[in-house]
Amino acid sequence: MALNLKSLLFVSLFTALVAAPIAEATVTIRLLQLQGSVFCTPDGNILVNGTATPVFPNAVVQLRCGAGNVVVSAITNGAGVFSNIGLFPLNLSLSTLLSTCNLVVNTPLSNCNSMLPSVGRLQSPIQFNGTILLGPLNTLNITIVSPVRFQLVA
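Heads up: the sequence shown is residues -19 to -1, 1 to 135, going by mature numbering (1 follows the signal peptide of the UniProt record, and there is no 0).
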């Protein structure tokens, strides 16, 4: 009986020693969620004078970083809202992402209103809206960003 108890103790101790490094080696998956709205106005923003602001449906919105590398893309729905999730760039920290990336609407404004310009594109710096941690060991980290304010650029 004593031998069985020693064997059980050895197996339990061995299992605990093997499992400890595995638990610490958990990989965190970092995702990036874009969310926001685009309006059919000369600057893509909601009007401030209280009048109803038309939305910009089917507009392609891209998160571009550095020299124009597209990190995540989304398309606005019928209400002008976009939301999409992509992988967080491995080579960027959050502060670098916020300082070097912009949201760009590549679809010409004239697509939603023929009276608006057909050249140029809407562009906005991004802002951090929060982080969602999911999973048993917070193994899924979703960083949420949105536009600050769009401007028409050449």
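Note that CB positions come from ideal geometry on N, CA and C, so glycine has one too.
As the structure is a computational prediction, the values presented were derived from the model and not from experiment.
Spell out the partners DSSP gives residue i in its beta bridges.
| i | result |
| --- | --- |
| residue 66 | 14 |
| residue 85 | 43, 104 |
Count the other CB atoms within 10 Å of the CB of residue i; is the residue buried (16 or more) or exposed (fewer)?
| i | result |
| --- | --- |
| residue 61 | buried |
| residue 116 | exposed |
| residue 114 | exposed |
| residue 91 | exposed |
| residue 59 | exposed |
| residue 69 | buried |
Which of the three DSSP states, helix, strand or coil, is assigned to residue i?
| i | result |
| --- | --- |
| residue 112 | strand |
| residue 124 | strand |
| residue 50 | strand |
| residue 118 | coil |
| residue 71 | coil |
| residue 28 | coil |
Is the Cβ of residue i closer than 8 Å to any Cβ of chain C?
| i | result |
| --- | --- |
| residue 99 | Absence of chain C from the displayed structure is noted, only one protein chain being present. |
So the candidates are the options; which of them puts its Cα closest to the Cα of residue i?
| i | options | result |
| --- | --- | --- |
| residue 57 | 51, 36, 26 | 36 |
| residue 100 | 11, 24, 14 | 24 |
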